[in-house]
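Please read the structure below before turning to the comments.
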Amino acid sequence: MPSSETWRWCKHDIVAGAIALTCGYTDVISLQRWKCFATMTTGNAIWVGRVLLGIDPVSQDGLSGPAFYFAIIGAFFVGVVLHRWADIKFPARGASVISPVVALVQLACEVFIFFKSGDLDPDKLKWLVVLYAPLFGVVAGASADGRLASATTMVTGHVINLGKALVNVPTKTFTYTEKCKIVMSVVVLVCSILGACLGATMYKLNGHRTFGLLLPVSPVVVVLMWCHDHLARPQKLVKMYHQAVRKRMGKD
743 MPSSETWRWC
753 KHDIVAGAIA
763 LTCGYTDVIS
773 LQRWKCFATM
783 TTGNAIWVGR
793 VLLGIDPVSQ
803 DGLSGPAFYF
813 AIIGAFFVGV
823 VLHRWADIKF
833 PARGASVISP
843 VVALVQLACE
853 VFIFFKSGDL
863 DPDKLKWLVV
873 LYAPLFGVVA
883 GASADGRLAS
893 ATTMVTGHVI
903 NLGKALVNVP
913 TKTFTYTEKC
923 KIVMSVVVLV
933 CSILGACLGA
943 TMYKLNGHRT
953 FGLLLPVSPV
963 VVVLMWCHDH
973 LARPQKLVKM
983 YHQAVRKRMG
993 KD
(Lines of atoms letter the chains of each structure in order from A; the text may use other names.)
(Lines give C-alpha, C1' and ligand atoms only; values in the text may rest on other atoms or scores of the structure.)
Protein backbone atom coordinates (compact mmCIF):
# COMPACT_ATOMS: atom_id res chain seq x y z
CA MET A 743 0.00 0.00 0.00
CA PRO A 744 1.19 3.60 -0.63
CA SER A 745 1.13 4.44 3.08
CA SER A 746 1.58 2.31 6.21
CA GLU A 747 -0.55 2.66 9.33
CA THR A 748 2.48 3.70 11.39
CA TRP A 749 3.42 6.46 8.97
CA ARG A 750 -0.21 7.61 8.83
CA TRP A 751 -0.30 8.13 12.59
CA CYS A 752 3.11 9.78 12.48
CA LYS A 753 1.72 12.34 10.03
CA HIS A 754 -1.28 12.86 12.31
CA ASP A 755 1.03 13.63 15.24
CA ILE A 756 3.17 16.02 13.20
CA VAL A 757 0.20 18.02 11.95
CA ALA A 758 -1.59 18.01 15.32
CA GLY A 759 1.57 19.13 17.09
CA ALA A 760 2.20 21.88 14.55
CA ILE A 761 -1.37 23.17 14.90
CA ALA A 762 -1.10 23.17 18.70
CA LEU A 763 2.25 24.97 18.52
CA THR A 764 0.83 27.63 16.20
CA CYS A 765 -2.25 28.18 18.36
CA GLY A 766 -0.22 28.44 21.55
CA TYR A 767 2.06 31.01 19.91
CA THR A 768 -0.86 33.01 18.50
CA ASP A 769 -2.74 33.18 21.79
CA VAL A 770 0.26 34.60 23.65
CA ILE A 771 0.63 37.36 21.07
CA SER A 772 -3.11 38.12 20.92
CA LEU A 773 -3.26 38.15 24.72
CA GLN A 774 -0.45 40.71 24.86
CA ARG A 775 -1.89 42.82 22.07
CA TRP A 776 -5.64 42.73 22.71
CA LYS A 777 -6.12 40.95 26.07
CA CYS A 778 -8.14 38.23 24.36
CA PHE A 779 -7.70 34.81 22.77
CA ALA A 780 -7.82 34.54 18.99
CA THR A 781 -7.78 30.75 18.74
CA MET A 782 -10.35 29.63 21.32
CA THR A 783 -13.62 30.74 22.89
CA THR A 784 -13.33 29.59 26.52
CA GLY A 785 -10.98 32.38 27.55
CA ASN A 786 -13.11 35.01 25.83
CA ALA A 787 -16.25 33.70 27.52
CA ILE A 788 -14.49 34.07 30.88
CA TRP A 789 -13.49 37.64 30.00
CA VAL A 790 -17.15 38.37 29.20
CA GLY A 791 -18.07 37.28 32.71
CA ARG A 792 -15.35 39.43 34.24
CA VAL A 793 -16.35 42.63 32.46
CA LEU A 794 -20.12 42.12 32.20
CA LEU A 795 -20.99 43.62 35.58
CA GLY A 796 -17.96 45.89 35.87
CA ILE A 797 -17.30 44.86 39.47
CA ASP A 798 -14.06 42.94 38.88
CA PRO A 799 -11.03 45.21 39.48
CA VAL A 800 -9.24 43.57 36.56
CA SER A 801 -12.10 44.56 34.23
CA GLN A 802 -11.21 48.20 34.86
CA ASP A 803 -7.57 47.71 33.93
CA GLY A 804 -7.37 47.53 30.16
CA LEU A 805 -9.97 44.88 29.35
CA SER A 806 -12.61 45.66 26.74
CA GLY A 807 -16.38 45.58 27.09
CA PRO A 808 -18.48 42.42 26.72
CA ALA A 809 -19.43 43.27 23.12
CA PHE A 810 -15.78 42.93 22.11
CA TYR A 811 -15.46 39.39 23.46
CA PHE A 812 -18.88 38.37 22.17
CA ALA A 813 -17.77 39.56 18.73
CA ILE A 814 -14.68 37.33 18.86
CA ILE A 815 -16.77 34.32 19.85
CA GLY A 816 -19.16 35.10 17.00
CA ALA A 817 -16.29 35.40 14.52
CA PHE A 818 -14.92 32.05 15.66
CA PHE A 819 -18.39 30.59 15.12
CA VAL A 820 -18.41 31.98 11.57
CA GLY A 821 -15.13 30.17 10.91
CA VAL A 822 -16.62 26.87 12.06
CA VAL A 823 -19.64 27.42 9.80
CA LEU A 824 -17.43 28.28 6.82
CA HIS A 825 -15.41 25.12 7.29
CA ARG A 826 -18.50 22.95 7.52
CA TRP A 827 -19.96 24.53 4.38
CA ALA A 828 -16.70 24.04 2.48
CA ASP A 829 -16.36 20.46 3.69
CA ILE A 830 -19.85 19.63 2.42
CA LYS A 831 -19.19 21.27 -0.93
CA PHE A 832 -15.66 19.85 -1.24
CA PRO A 833 -15.64 16.56 0.73
CA ALA A 834 -12.42 15.93 2.68
CA ARG A 835 -10.90 19.09 1.20
CA GLY A 836 -12.91 21.81 2.94
CA ALA A 837 -10.15 23.12 5.20
CA SER A 838 -7.60 23.46 2.40
CA VAL A 839 -10.19 25.21 0.20
CA ILE A 840 -11.56 27.77 2.66
CA SER A 841 -8.47 28.46 4.81
CA PRO A 842 -6.55 30.45 2.13
CA VAL A 843 -9.50 32.84 1.77
CA VAL A 844 -9.87 33.43 5.51
CA ALA A 845 -6.09 33.53 6.01
CA LEU A 846 -5.74 36.22 3.37
CA VAL A 847 -8.06 38.45 5.40
CA GLN A 848 -5.99 37.87 8.53
CA LEU A 849 -2.73 38.52 6.69
CA ALA A 850 -4.10 41.77 5.25
CA CYS A 851 -5.08 42.88 8.77
CA GLU A 852 -1.64 42.10 10.14
CA VAL A 853 0.09 44.00 7.33
CA PHE A 854 -2.26 46.93 7.94
CA ILE A 855 -1.49 46.89 11.67
CA PHE A 856 2.24 46.65 10.97
CA PHE A 857 2.30 49.77 8.80
CA LYS A 858 -0.60 51.88 10.07
CA SER A 859 -1.10 51.10 13.75
CA GLY A 860 0.64 54.28 14.89
CA ASP A 861 -1.86 56.44 13.00
CA LEU A 862 -5.04 54.89 14.41
CA ASP A 863 -6.89 54.84 17.71
CA PRO A 864 -5.83 51.63 19.55
CA ASP A 865 -9.35 51.28 20.94
CA LYS A 866 -10.69 50.99 17.38
CA LEU A 867 -7.75 49.00 16.07
CA LYS A 868 -8.41 46.17 18.52
CA TRP A 869 -11.61 45.25 16.67
CA LEU A 870 -9.51 43.86 13.85
CA VAL A 871 -9.08 40.72 15.96
CA VAL A 872 -12.61 39.83 14.86
CA LEU A 873 -11.12 39.21 11.41
CA TYR A 874 -8.46 36.91 12.90
CA ALA A 875 -10.77 34.56 14.79
CA PRO A 876 -12.56 32.93 11.79
CA LEU A 877 -9.32 31.30 10.65
CA PHE A 878 -9.03 29.47 13.95
CA GLY A 879 -12.69 28.51 13.79
CA VAL A 880 -11.77 26.76 10.55
CA VAL A 881 -8.79 25.11 12.26
CA ALA A 882 -10.89 23.89 15.20
CA GLY A 883 -13.65 22.60 12.94
CA ALA A 884 -11.21 20.81 10.67
CA SER A 885 -9.35 19.22 13.58
CA ALA A 886 -12.50 18.00 15.32
CA ASP A 887 -14.37 16.74 12.26
CA GLY A 888 -11.51 15.79 9.97
CA ARG A 889 -8.89 13.08 9.93
CA LEU A 890 -7.37 14.08 13.27
CA ALA A 891 -10.78 13.58 14.96
CA SER A 892 -9.51 15.75 17.79
CA ALA A 893 -9.87 19.43 18.65
CA THR A 894 -6.15 20.15 18.77
CA THR A 895 -6.72 23.65 20.12
CA MET A 896 -8.47 22.25 23.22
CA VAL A 897 -5.89 20.96 25.69
CA THR A 898 -8.62 20.03 28.18
CA GLY A 899 -9.86 17.15 26.04
CA HIS A 900 -6.37 15.72 25.71
CA VAL A 901 -5.76 15.94 29.46
CA ILE A 902 -9.01 14.00 29.95
CA ASN A 903 -7.80 11.34 27.50
CA LEU A 904 -4.51 11.00 29.37
CA GLY A 905 -6.28 10.76 32.72
CA LYS A 906 -8.57 7.98 31.49
CA ALA A 907 -5.63 6.14 29.97
CA LEU A 908 -3.66 6.30 33.22
CA VAL A 909 -6.53 4.73 35.18
CA ASN A 910 -6.93 1.98 32.56
CA VAL A 911 -3.24 1.00 32.49
CA PRO A 912 -3.46 -1.75 35.18
CA THR A 913 -6.63 -3.37 33.82
CA LYS A 914 -6.67 -2.85 30.08
CA THR A 915 -4.54 -3.81 27.10
CA PHE A 916 -4.59 -0.85 24.75
CA THR A 917 -5.09 -1.36 21.03
CA TYR A 918 -2.66 0.18 18.58
CA THR A 919 -5.14 2.95 17.73
CA GLU A 920 -5.69 3.78 21.40
CA LYS A 921 -1.93 3.99 21.97
CA CYS A 922 -1.62 6.34 19.00
CA LYS A 923 -4.35 8.58 20.41
CA ILE A 924 -2.54 8.74 23.74
CA VAL A 925 0.65 9.76 21.97
CA MET A 926 -1.26 12.47 20.10
CA SER A 927 -2.65 13.85 23.37
CA VAL A 928 0.86 14.10 24.79
CA VAL A 929 2.11 15.76 21.59
CA VAL A 930 -0.68 18.36 21.62
CA LEU A 931 -0.16 19.17 25.31
CA VAL A 932 3.60 19.57 24.93
CA CYS A 933 3.37 21.55 21.69
CA SER A 934 0.76 23.93 23.13
CA ILE A 935 3.17 24.76 25.95
CA LEU A 936 6.10 25.09 23.55
CA GLY A 937 4.04 27.38 21.32
CA ALA A 938 3.29 29.64 24.28
CA CYS A 939 6.99 29.65 25.20
CA LEU A 940 7.86 30.60 21.63
CA GLY A 941 5.33 33.41 21.65
CA ALA A 942 6.66 34.81 24.94
CA THR A 943 10.24 34.57 23.66
CA MET A 944 9.46 36.35 20.39
CA TYR A 945 7.55 39.05 22.27
CA LYS A 946 10.59 39.70 24.45
CA LEU A 947 13.04 39.64 21.53
CA ASN A 948 10.81 42.08 19.65
CA GLY A 949 11.20 44.66 22.40
CA HIS A 950 7.94 43.73 24.12
CA ARG A 951 6.00 44.73 21.00
CA THR A 952 3.64 42.57 18.98
CA PHE A 953 4.00 44.29 15.61
CA GLY A 954 4.72 41.77 12.88
CA LEU A 955 4.72 38.74 15.15
CA LEU A 956 1.53 37.32 13.62
CA LEU A 957 2.65 37.76 10.01
CA PRO A 958 3.83 34.13 9.61
CA VAL A 959 0.72 32.65 11.23
CA SER A 960 -1.60 32.81 8.21
CA PRO A 961 0.77 31.10 5.74
CA VAL A 962 1.63 28.44 8.32
CA VAL A 963 -2.04 27.68 9.00
CA VAL A 964 -2.80 27.39 5.28
CA VAL A 965 0.02 24.88 4.86
CA LEU A 966 -1.16 22.92 7.89
CA MET A 967 -4.74 22.81 6.61
CA TRP A 968 -3.49 21.47 3.28
CA CYS A 969 -1.49 18.83 5.14
CA HIS A 970 -4.54 18.03 7.27
CA ASP A 971 -6.72 17.41 4.23
CA HIS A 972 -4.06 15.22 2.63
CA LEU A 973 -3.18 13.09 5.66
CA ALA A 974 -4.78 10.12 3.99
CA ARG A 975 -3.45 8.90 0.69
CA PRO A 976 -4.14 11.50 -2.02
CA GLN A 977 -7.03 10.50 -4.25
CA LYS A 978 -4.93 10.48 -7.42
CA LEU A 979 -2.33 8.24 -5.79
CA VAL A 980 -5.02 5.81 -4.66
CA LYS A 981 -6.49 5.73 -8.15
CA MET A 982 -3.09 5.08 -9.72
CA TYR A 983 -2.39 2.33 -7.19
CA HIS A 984 -5.63 0.50 -7.92
CA GLN A 985 -5.10 0.84 -11.67
CA ALA A 986 -1.64 -0.69 -11.32
CA VAL A 987 -3.05 -3.58 -9.28
CA ARG A 988 -5.74 -4.26 -11.86
CA LYS A 989 -3.20 -4.23 -14.70
CA ARG A 990 -0.95 -6.64 -12.82
CA MET A 991 -3.86 -8.97 -12.10
CA GLY A 992 -4.88 -8.81 -15.76
CA LYS A 993 -1.40 -9.86 -16.90
CA ASP A 994 -1.38 -12.75 -14.46
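So the mapping is simple: my numbering equals the position in the sequence shown, first residue as 1, plus 742. Ideal Cβ placement from N, Cα and C applies to all residues, glycine included.
Spatial neighbours of residue 828 in its own chain (CB-CB distance under 6 Å, excluding positions within 5 residues in sequence) are listed in chain order as 836, 839 and 840. Secondary structure of residue 775 (DSSP, three-state): helix.
Within the segment 876 to 954, the runs of alpha helix (DSSP H) at least 4 residues long that lie entirely inside it are, in chain order, 897 to 910 and 918 to 947.
Annotated as proximal: residue 874 and residue 780, with beta-carbon spacing under 8 Å. In this structure, the CA atom of residue 783 is about 14 Å from the CA atom of residue 770. Ranked by Cα distance from residue 965, the first of 746, 747 and 764 is 764.
Residue 782 sits in coil when the DSSP states are folded into three classes, being neither helix nor strand.
Annotated three-state conformation of residue 794 is helix, per DSSP.
Beyond the five residues adjoining it in sequence on each side, residue 957 comes within less than 6 Å, by CB distance, of 852 in the same chain, given in chain order. Per DSSP, the continuous alpha helix (DSSP H) segment holding residue 831 begins and ends at 808 to 831.
Within the model, the alpha-carbon separation for residue 761 versus residue 949 is close to 26 Å.
Between residue 754 and residue 884, the beta carbon gap of about 13 Å keeps them out of contact (Cβ cut-off 8 Å).
Taking all protein chains in view, the Cβ of residue 916 is surrounded by fewer than 16 other Cβ atoms within 10 Å, so the residue is classified as exposed.
Taking the CA atoms as reference points, residue 794 sits about 33 Å from residue 963. Listed in chain order, the non-local C-beta contacts of residue 907 below 7 Å within the same chain comprise 924, local neighbours out to five positions each way being set aside. For the options 879, 863 and 814, the alpha carbon positioned closest to that of residue 823 is the one of 879.
In summary, residue 748 is exposed, with fewer than 16 beta-carbon neighbours lying within 10 Å of its beta-carbon over all protein chains present.
In this model, residue 933 and residue 941 are separated by some 12 Å (Cα to Cα).
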